[in-house]
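Quick note on numbering: the sequence shown equals residues 1 to 370 in the numbering used here.
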Amino acid sequence: MTSNKNLYFLPGDGIGKEVMDEVRTIVNWLGKHGSLTFDMTEGLIGGAAYDAHGSALSDETLADAMDADAVLLGAVGGPKWDDVARQHRPEAGLLRIRKEMDLFANLRPAVVFDALAEGSSLKFDLVSGLDILIVRELTSGVYFGEPRGIETLADGTRRAIDTQLYTSPEIERVARVAFELARKRNNQVHSVEKSNVMETGVLWRSVVSELHTAEYSDIKLLHMLADNCAMQLVRTPKQFDVIVTDNLFGDLLSDCAAMLTGSLGMLPSASLGGVDDAGRRMALYEPVHGSAPDIAGQGIANPLACILSFAMCLRYSFDMGKEADMMEQAVQNVLASGLRTGDIMQDGKTQVSTTGMGQAVISELDKLNG
Ligand code: IPM
Ligand code: MG
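What follows is the structure, encoded as structure tokens:
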């Protein structure tokens, strides 16, 4: 048996804790049946961390996260922290961990599960079989650009500034990730920006084109303006394979793509850094959904996005594609068998709790494992 890998859990707030518990069960199952065992440790992030020590991400937690082989995050935020100063808000913890771990490539797949295609707000034919991968730049752009702030001018009026900023290496490294992933999929990349109005868009387009010509001319590259992309996503979503875009456009477009699937509670994500000299890569995996404070603590949240995030972890951090496929197959089978959590409930299906769903995935894994 290979040596233990260290998984660092950051359940965060709201339903984060509940869905993470189901992932633990899956990790234990894999430890028993797979070729690799895992050590699980845990820390605080978001509002839970703020309540405990006045900051949404402590230096100790950050250090533990950087030491781990992979980080699994639940969700952060909730109305309880609405009045907390912005630098201490739960979201600030999330932004800091992304930045400090240099997780520049955020992979957000939008995959429509056959059993759930009817739940989409679009017509069945437009979305059935949909499989898009959004690669969002995650550590730069307007989220982090300086200067920023709100100032009061001499006449008493106020002025707010955010700075959209990209360097060519920042664009190139995320574009490279997108091209590499496209090679393993359907060989097509849409690069999305606003080069008609923004300097960062002009630079984005030219850096992506140069990289394409130099190293990835086997991939079909299409440039698209971000507003048009939003429209095309709801018009004919299946025209897309991989979309690569900046931090802010990626935030917007990934929510839009998520809704195409009709089930936000199903979508995983991976945030990846570069590979260091020792072949090690910083990585954090989290569901796309939020902390859902309205249903937290009731045991009814959907754990599948979190479980599928762990599948991405197996694939991208541990090169365990076979096991990742098995997790995804188990999820498909559970859905096909008619079990649903409340968020994806349909007529004639059977509603189960968070734990019920986790256990159903384990039963399917047992079957698949023969
Ligand atoms: C996301 C979220 C975050 C973001 C928030 C919670 C800071 O919307 O991961 O998409 O804007 O990046
Ligand atoms: Mg978002």
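Cβ atoms here follow ideal geometry from the backbone N, Cα and C, with glycine treated the same way.
Query raised in the report: Where does HIS289 land, buried or exposed, given buried means 16+ other C-beta within 10 angstroms?
Result: For the purposes of this step, residue 289 is taken as the residue at position 289 of the sequence shown. With 16 or more other Cβ atoms within 10 Å, it is buried.
Query - Identity of the residue in GLY279, THR152, ILE344, GLY250 nearest LEU264 by Cα - result: Taking the first residue of the sequence shown as position 1, residue 264 is located at position 264. Measuring C-alpha to C-alpha distances from LEU264 to each of GLY279, THR152, ILE344, GLY250 identifies ILE344 as the nearest.
Requested in this report: Look at GLY119 and GLY74 and say whether their C-beta atoms are less than 8 angstroms apart.
Outcome: Numbered from its first residue, the sequence shown carries residue 119 at position 119. Numbered from its first residue, the sequence shown carries residue 74 at position 74. No; because the gap between Cβ atoms is not below 8 angstroms, this pair is not in contact.
Query raised in the report: Between the segment 20 to 39 and the segment 47 to 56, are three or more C-beta pairs nearer than 8 angstroms?
Result: No, the segment 20 to 39 does not touch the segment 47 to 56.
Requested in this report: Put GLY71 into one of helix, strand or coil per three-state DSSP.
Outcome: As a working mapping, residue 71 is identified with position 71 in the sequence shown. A quick correction: the sequence has Val, not Gly, at residue 71. In the three-state reduction of the DSSP assignment, VAL71 falls in the strand class.
Query raised in the report: What number of angstroms, rounded off, separates the C-alpha of LEU221 from the C-alpha of THR341?
Result: Along the sequence shown, read from residue 1 onward, the residue named residue 221 stands at position 221. Along the sequence shown, read from residue 1 onward, the residue named residue 341 stands at position 341. Straight-line Cα distance between these residues: approximately 39 angstroms.
Requested in this report: Could you give the DSSP three-state label for GLY12: helix, strand or coil?
Outcome: The residue labelled residue 12 in the question sits at position 12 within the sequence shown. Strand.
Requested in this report: Identify whether GLY273 lies in helix, strand or coil by the three-state DSSP scheme.
Outcome: Translated into the one-based positions of the sequence shown, residue 273 becomes position 273. Looking at GLY273 - three-state DSSP - the assignment turns out to be strand.
**Report entry** The beta strand (DSSP E) enclosing HIS289, as first and last residue numbers
**Finding:** Here residue 289 corresponds to residue number 289 of the sequence shown, with the count starting at 1. Looking at the DSSP string, HIS289 is not in any beta strand (DSSP E), and its letter there is neither H nor E.
**Report entry** the segment 189 to 199 contacting the segment 149 to 163, beta-carbon criterion three pairs below 8 angstroms
**Finding:** The way I'd put it, the segment 189 to 199 doesn't touch the segment 149 to 163; fewer than three beta-carbon pairs between them come closer than 8 angstroms.
Report task. Kindly indicate which three-state DSSP category SER282 falls into: helix, strand or coil? Result -> Your numbering for residue 282 matches position 282 in the sequence shown. The question names Ser, but residue 282 is Met in the sequence shown. DSSP places MET282 in strand when its eight states are reduced to three.
Requested in this report: Would you grab the beta carbon distance between VAL165 and THR139 for me? Rounded to a whole angstrom, and I think it's under 8 angstroms.
Outcome: As a working note, residue 165 is residue 165 in the sequence shown. As a working note, residue 139 is residue 139 in the sequence shown. In the sequence as presented, Val is not what sits at residue 165; that position holds Leu. With a beta-carbon spacing of about 12 angstroms, LEU165 and THR139 fall beyond the 8 angstroms limit used to define contacts.
Query raised in the report: Could you give the distance in angstroms between the alpha-carbon of THR355 and the alpha-carbon of VAL207?
Result: Looking up residue 355 in the sequence shown gives position 355. Looking up residue 207 in the sequence shown gives position 207. Rounded to whole angstroms, the gap between the alpha carbons of THR355 and VAL207 is 47 angstroms.
Query raised in the report: Grouping DSSP H, G and I as helix and E and B as strand, with all else coil, what is ARG158?
Result: For the purposes of this step, residue 158 is taken as residue 158 along the sequence shown, with counting starting at 1. If DSSP states are grouped into helix, strand and coil, ARG158 belongs with the strands.
Query raised in the report: The alpha helix (DSSP H) with ARG173 in it runs from where to where?
Result: Stepping through the sequence shown from its first residue, residue 173 is reached at position 173. 168 to 183 is the extent of the alpha helix (DSSP H) around ARG173.
Requested in this report: Count the C-beta pairs between the segment 324 to 338 and the segment 245 to 262 that are closer than 8 angstroms, then say yes if the count reaches three, no if not.
Outcome: Result no; under three Cβ-Cβ pairs closer than 8 angstroms.
Query - Cβ shell of ALA115 (< 6 angstroms), same chain only, five flanking positions each side left out - result: Residue numbering aside, residue 115 sits at position 115 when the sequence shown is read from its first letter. Contacts found: LEU335, ALA336.
Report task. Have a look at GLY348, MET40, LEU339 and flag the residue whose alpha-carbon is nearest the alpha-carbon of SER363. Result -> Here residue 363 corresponds to residue number 363 of the sequence shown, with the count starting at 1. With distances taken between CA atoms, SER363 lies nearest to LEU339 out of GLY348, MET40, LEU339.
Requested in this report: Per DSSP, which residues does ALA105 bridge with? Please list them.
Outcome: On the sequence shown, position 105 is the one that residue 105 refers to. DSSP output for ALA105 lists GLU137, LEU272 as bridge partner(s).
**Report entry** Endpoints, the alpha helix (DSSP H) within which GLN346 is located
**Finding:** Working through the sequence shown from its first residue, we reach residue 346 at position 346. First-last for GLN346: undefined, no H or E at that position.
**Report entry** N- and C-terminal bounds of the alpha helix (DSSP H) containing SER317
**Finding:** Start at 1 with the first residue of the sequence shown, and residue 317 comes out as number 317. Run containing SER317: 304 to 317, per the alpha helix (DSSP H) assignment.
Query - Any non-hydrogen atom of the ligand IPM within 7 angstroms of GLU91 CB - result: Here residue 91 refers to the residue found at position 91 when the sequence shown is read from its first residue. The answer is yes for GLU91.
Query - Spatial neighbours of VAL142 in its chain, beta-carbon cut-off 6 angstroms, leaving aside the 5 residues before and after - result: Residue mapping note: residue 142 aligns to position 142 of the sequence shown, counting from 1. The answer, listed in chain order, is ASP162, GLN164, LEU248.
Report task. Just grab the DSSP bridge partners of SER217 for me. Result -> Residue numbering aside, residue 217 sits at position 217 when the sequence shown is read from its first letter. The secondary-structure analysis by DSSP pairs SER217 with nothing; it has no beta-bridge partner.
Requested in this report: For LEU368, I'd like the list of residues in its chain whose CB is within less than 7 angstroms of its CB, leaving aside the five on either flank, ordered along the chain.
Outcome: Here residue 368 refers to the residue found at position 368 when the sequence shown is read from its first residue. Here the set comprises MET326, GLN329, ALA330.
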